[in-house]
Structure formats: structure tokens, C-alpha cells
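Asker:
In my numbering, the protein residues as written are 5 to 81.
#1: How many Å lie between residue 59 and residue 53 at the Cα?
#2: If you draw a straight line from the alpha carbon of residue 13 to that of residue 44, how long is it in whole angstroms?
#3: Using the three-state DSSP reduction, which class does residue 36 fall into: helix, strand or coil?
#4: Nearest CA to the CA of residue 41: which residue from 68, 57 and 16?
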């Protein structure tokens, strides 16, 4: 389960209250908490995936550099 920061919940509640006071925002048009939760979950999942991909690329580059360095050190001997 995703824990939503209080500021997001407060923003959601204030949007609902503002809509009721001003009549400009219909209550049913304010996003549901589940919708906001879904967006946050998808966003963090994409960040985790991107981070993992970058780690894999970084490790592969290190291996390539290390294998190149070991070949060069054998040639010098």
C-alpha cells in the first residue's frame, strides 16, 4: 500500500472544500485519492526501473573498462 504524504491529502481536501464554497469546482470533478495514488505509484515504479537500468549500464561499463585494462596490462609484460 502506498502512503500518501499529508500535503497531497490536504490539497485534495482543500480542492473539495474550495469547490463547495466557490461553486467553480464540482465535487465529482476533484480527483479521487485512488487516482492520485495510482499516478504516484506509476511514477515511482518508472523511477525505480530507470534507476535499475542505469545501474546495469554502469556495471557493464565498469566490466568493459576493467577487461580492457587487464588486457593492456598483459601486453606490457
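Backbone N, C-alpha and C fix where the C-beta goes; we use that ideal spot for every residue, glycine too.
Answerer: Straight from the coordinates:
#1: 10 Å
#2: 13 Å
#3: coil
#4: 16
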